[in-house]
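Engineer:
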Amino acid sequence: MIVATKAIYGNSTASAAMVFSNQPQEAYLLKKELQISLVKSEIVLHYPVYYVRDFNNQPSEVIYSSNAEGPFTWLSNQCVDSWSSSDPTCGYAYSPPNSTAPQDRILYSQGFCCRCSTSELLGLSSQYIRGGLKCDLLDLSQPSQSAHCLRFDSLWYSAFQIGTPNVDFSIQVNVTTCDYVGNDSSLAASEKPPPSQNLGNRTRQVSSCSTQILQLSPGEPYVTSLNGKLSARAIGDFDPWEGTPSYVEKWLFVPSICTDTNDEWCLQRISMNSTETARWMLIDTTHVTLSGADCDKIGVSYSAFANEGNRCGRLPQSCLHDQLQTYYETDLKILEAGATGNYFVTFFGRFDSNGLRETDPLLRFKTNRIQATEVRLEFAADDIFDVVNVANGRFIKSQSYVTTAVAQSRGAELHLALLSEGSQAGFSQFTVSALCGPFIAPIPAQTVTLAAGARANVTMSLDIEDAHAGSAACNCTLVNSVGISVDSIRITFNVSARDTSKGAQGGSDSRTAGNATSTSSTLAPGGSCSACGGFFDITCFLSNVCLANIFAFSLVIVGLLLILCCFRGVISKMLCCCCRSEDFGGRISRRPAFLSLRNTKKARIEGANVLYGADIIPSPLRALRAQTGSAR
Numbered sequence: 001m002i003v004a005t006k007a008i009y010g011n012s013t014a015s016a017a018m019v020f021s022n023q024p025q026e027a028y029l030l031k032k033e034l035q036i037s038l039v040k041s042e043i044v045l046h047y048p049v050y051y052v053r054d055f056n057n058q059p060s061e062v063i064y065s066s067n068a069e070g071p072f073t074w075l076s077n078q079c080v081d082s083w084s085s086s087d088p089t090c091g092y093a094y095s096p097p098n099s100t101a102p103q104d105r106i107l108y109s110q111g112f113c114c115r116c117s118t119s120e121l122l123g124l125s126s127q128y129i130r131g132g133l134k135c136d137l138l139d140l141s142q143p144s145q146s147a148h149c150l151r152f153d154s155l156w157y158s159a160f161q162i163g164t165p166n167v168d169f170s171i172q173v174n175v176t177t178c179d180y181v182g183n184d185s186s187l188a189a190s191e192k193p194p195p196s197q198n199l200g201n202r203t204r205q206v207s208s209c210s211t212q213i214l215q216l217s218p219g220e221p222y223v224t225s226l227n228g229k230l231s232a233r234a235i236g237d238f239d240p241w242e243g244t245p246s247y248v249e250k251w252l253f254v255p256s257i258c259t260d261t262n263d264e265w266c267l268q269r270i271s272m273n274s275t276e277t278a279r280w281m282l283i284d285t286t287h288v289t290l291s292g293a294d295c296d297k298i299g300v301s302y303s304a305f306a307n308e309g310n311r312c313g314r315l316p317q318s319c320l321h322d323q324l325q326t327y328y329e330t331d332l333k334i335l336e337a338g339a340t341g342n343y344f345v346t347f348f349g350r351f352d353s354n355g356l357r358e359t360d361p362l363l364r365f366k367t368n369r370i371q372a373t374e375v376r377l378e379f380a381a382d383d384i385f386d387v388v389n390v391a392n393g394r395f396i397k398s399q400s401y402v403t404t405a406v407a408q409s410r411g412a413e414l415h416l417a418l419l420s421e422g423s424q425a426g427f428s429q430f431t432v433s434a435l436c437g438p439f440i441a442p443i444p445a446q447t448v449t450l451a452a453g454a455r456a457n458v459t460m461s462l463d464i465e466d467a468h469a470g471s472a473a474c475n476c477t478l479v480n481s482v483g484i485s486v487d488s489i490r491i492t493f494n495v496s497a498r499d500t501s502k503g504a505q506g507g508s509d510s511r512t513a514g515n516a517t518s519t520s521s522t523l524a525p526g527g528s529c530s531a532c533g534g535f536f537d538i539t540c541f542l543s544n545v546c547l548a549n550i551f552a553f554s555l556v557i558v559g560l561l562l563i564l565c566c567f568r569g570v571i572s573k574m575l576c577c578c579c580r581s582e583d584f585g586g587r588i589s590r591r592p593a594f595l596s597l598r599n600t601k602k603a604r605i606e607g608a609n610v611l612y613g614a615d616i617i618p619s620p621l622r623a624l625r626a627q628t629g630s631a632r
């Protein structure tokens, strides 16, 4: 057996010429010419991906300042955001989505209300309010309250965790065997050279050439030609000149769902054409929230939106920045400008979109890196050979199986039980390979060494890349130490559907607005004081120590009391003027007071001047009747 070892890399080729001797004692009498060439494909880095959950493309804020009953005001038709309300202005979202039971309501999905404070209603303050409200105590035609509701976009992305990359390539071994024309038997005795002469350097015609092709890969590192004259083994790779990028700190975001099938832009985004697949995004996990409780992160949900500090004093859409649409638009502008962005997969290398299907994302990058592979070629020879133990073996089918497998996940395992059926002492080597599908990542082959009659268990990890539930199979092959297949087994198993999740952004997206029917074009901080129900909610003002509101309320009350006191004094005087008065002859004048000042006269009573209107004496003064009569 002649052995040749060659390290190959890139698209380079290597070749060797080996010959068979017609007679063992005449090493230089050539009978056949054997030519072998090897070609290695470019290196592809295959990153396994594992489904995490779905995220909305762009959550947004919708503002309502009125409904069918008119604008929301402090006096009537008020905005409602109470969790205990059966019909809040923003409505409720439910989980599960098809439920309407109160216990299935999603907390904070009722949004929040922004209201004009008492000082703002009285014109004592002019702070900005998120809903763009016009605060006027007496103008009830303008809204003084607004509802702020969180709504989700039609487009949803599926997020995938990225595993450690596998190096994928193929090595094509081309084996060509040719007979010499006339063979060596046609040579005359005089033409035969002495043993010292190397006939291998003579130019001779060849015929009857045949070529066999062997294909090596990390998943199938050991193959044998059909005639058994040649075997090839990929021993391993040398370290590449450049490192392998790792994306374990990033997630792959793939547009996957359009809840509104009429949105053309959304349908275009989820299409599998090469333009859109090149715009899948790799984003750091630090920009993502799984709980939904963090503002300005992918995954923001009701709790963060409703509980943002100073919410009614902020600009519209606050807490909803830095979403997937933001990263998409940022990189799209950079791409159109011909520069390199930060998120599209096309900016991370030569993205390989071959074999992609809907809902079955693959993350693969073609490279030009130099990564040499050592290949061992073995073929039969008359005078050179290696002695190895060759034994038969088989799979124990009853003990071979696949554990529970879930779509687009890892964790499933292929368990294979082996038995060596060797009859002579010593150890024999076996190679176990498995080709599983559909859409299961390539599995590196494993080598085991067994004594005669010994058993072994081989475990292989399965990375399921198919998003669909269904049946799958693994075709397993057992190859002995000389590359001959001695047994094979096919194991079928079921792949269960993945549990799709939207996390904190899940539940129904309430497209109704509760009791709100119209929107305004502006949006706004709150606080405990701004959450009070209206101008007369003095209990809320006191409990939250709203000094400005309490002062304004007290000022209004004091003003009202002063007005009432003054008004009461005028009424008392009017009543006193209407009292009956007697004239000087014992008669009582009943003419009404304040009719005219035309006959006004002055009378001196005990040194004082008294003015009476229309000759009317407000009260009878019997003691001064004579004097008064004289004055008349």
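Anchor point for the sequence shown: position 566 equals 566 in full-length UniProt numbering, and the numbering is continuous, going up by one each time.
Positions of the beta carbon are idealized from the N, C-alpha and C atoms, including for glycine.
Can you check DSSP and say which residues form a bridge with Trp156?
Structural biologist: Note: Trp156 sits in a beta bridge opposite Asn56, Ile257.
Engineer: If you drop the 5 nearest sequence neighbours on each side, which residues of the same chain put their C-beta closer than 6 Å to that of Phe238?
Structural biologist: Ala372
Engineer: Among Gln110, Val458, Tyr128, which has the Cα closest to the Cα of Thr431?
Structural biologist: Val458
Engineer: Could you tell me whether the Cβ atoms of Asp179 and Val206 are closer together than 8 Å?
Structural biologist: yes
Engineer: Who are the near neighbours of Lys397 in its chain, counting only those whose CB is closer than 7 Å to its CB and skipping five residues on each side?
Structural biologist: Ile489
Engineer: Within the segment 221 to 295, note down every full alpha helix (DSSP H) run reaching 4 residues or more, in order along the chain.
Structural biologist: 264 to 269, 274 to 277
Engineer: Is the beta carbon of Val175 closer than 8 Å to that of Leu216?
Structural biologist: no
Engineer: In or out: Cys319 buried (at least 16 other Cβ within 10 Å) or exposed?
Structural biologist: buried
Engineer: Hey, Leu347 and Thr340: beta-carbon distance below 8 Å or not?
Structural biologist: Residue identity check: residue 347 is Phe in the sequence provided, not Leu. In this structure, Phe347 sits near Thr340, with a CB-CB distance shorter than 8 Å.
Engineer: Kindly indicate which residue of Arg53, Gln110, Ser84 has the alpha-carbon position closest to the one of Val62.
Structural biologist: Gln110
Engineer: Pull up the distance between the alpha-carbon of Ser208 and that of Gln35, whole angstroms please.
Structural biologist: 13 Å
Engineer: Can you tell me where the alpha helix (DSSP H) holding Ser543 begins and where it ends?
Structural biologist: Per DSSP, Ser543 is one residue of the alpha helix (DSSP H) stretching across 538 to 543.
Engineer: So Arg311 and Leu155 are supposed to be a Cβ contact under 8 Å. How far apart are they, rounded?
Structural biologist: With a Cβ gap of about 26 Å, Arg311 and Leu155 do not count as contacting.
Engineer: Of the residues Thr118, Tyr92, Ser117, Cys113, which one's Cα is nearest the Cα of Leu107?
Structural biologist: Out of Thr118, Tyr92, Ser117, Cys113, Tyr92 has the C-alpha closest to the C-alpha of Leu107.
Engineer: Drop a sphere of 10 angstroms on the beta-carbon of Thr89, count the other beta-carbons inside from all chains shown, and report buried for 16 or more, exposed for fewer.
Structural biologist: buried
Engineer: Taking 8 Å as the cut-off, decide whether the C-beta atoms of Ile298 and Gln323 are in contact.
Structural biologist: The Cβ atoms of Ile298 and Gln323 lie closer than 8 Å to each other.
Engineer: Give me the DSSP bridge partner(s) of Gly437.
Structural biologist: Ala473
Engineer: What does DSSP give as the partner residues of Val495 in its beta bridges?
Structural biologist: Ala405, Gly470
Engineer: Have a look at Pro316, Ile370, Thr359, Cys258 and flag the residue whose alpha-carbon is nearest the alpha-carbon of Ile43.
Structural biologist: Ile370
Engineer: Is the segment 441 to 461 touching the segment 491 to 498 in the sense that three or more CB pairs, one from each, lie closer than 8 Å?
Structural biologist: no
Engineer: Using C-beta distances below 7 Å, list every residue in its chain close to Glu65, excluding the 5 sequence neighbours before and after it, in chain order.
Structural biologist: Correcting the residue identity first, residue 65 is Ser in this sequence and not Glu. If we look at Ser65 and ignore the five residues flanking it on each side, its Cβ neighbours are Pro71, Phe72, Gly131, Pro143, Ser146, Ser520.
Engineer: Residue range of the beta strand (DSSP E) that Ser461 falls in?
Structural biologist: 455 to 464
Engineer: Taking contact to mean 3 or more Cβ pairs, one atom from each stretch, closer than 8 Å, check whether the segment 551 to 558 and the segment 109 to 127 are in contact.
Structural biologist: Counting Cβ pairs under 8 Å, three or more are found: they touch.
Engineer: Which first and last residues belong to the alpha helix (DSSP H) in which Tyr302 is found?
Structural biologist: Membership of Tyr302 in the alpha helix (DSSP H) is indicated by the continuous run 302 to 306.
Engineer: With a threshold of 7 Å on Cβ separation, who are the neighbours of Arg105 within its own chain once the five nearest residues in sequence on each side are excluded?
Structural biologist: Around Arg105: Tyr92, Tyr94.
Engineer: Would you be able to state if there are at least three C-beta pairs under 8 Å between the segment 323 to 332 and the segment 239 to 252?
Structural biologist: Contact between the segment 239 to 252 and the segment 323 to 332 is absent, with fewer than three C-beta pairs closer than 8 Å.
Engineer: Would you kindly check if the distance between the Cβ of Ala467 and the Cβ of Thr359 is under 8 Å?
Structural biologist: yes
Engineer: To test your reading of the DSSP string, which unbroken beta strand (DSSP E) runs of 3 or more residues are found completely within the segment 94 to 123?
Structural biologist: 112 to 115
Engineer: Tell me which same chain residues have a C-beta within less than 6 Å of the C-beta of Asp487, skipping the five on either side of it?
Structural biologist: Arg394, Phe395, Leu478
Engineer: Quick check: the Cα distance between Trp241 and Leu416, rounded to an integer number of angstroms?
Structural biologist: Straight through space, the alpha carbons of Leu416 and Trp241 are spaced by roughly 36 Å.
Engineer: So who's on the other strand from Ser146, going by DSSP bridges?
Structural biologist: Cys114
Engineer: Ala504 and Gly292: beta carbons closer than 8 Å?
Structural biologist: yes
Engineer: First and last residue of the beta strand (DSSP E) that includes Tyr327?
Structural biologist: No beta strand (DSSP E) holds Tyr327; the alpha helix (DSSP H) holding it covers 324 to 336.
Engineer: Taking only the alpha-carbon atoms, compute the straight-line gap between Leu315 and Tyr128 and give it to the nearest angstrom.
Structural biologist: 9 Å
Engineer: With Val402 and Leu462 assumed to form a contact (beta carbons below 8 Å), what rounded beta-carbon distance in angstroms separates them?
Structural biologist: Indeed, because the Cβ distance is near 7 Å, the residues count as touching under 8 Å.
Engineer: DSSP three-state call for Gly393: helix, strand or coil?
Structural biologist: Looking at Gly393 - three-state DSSP - the assignment turns out to be strand.
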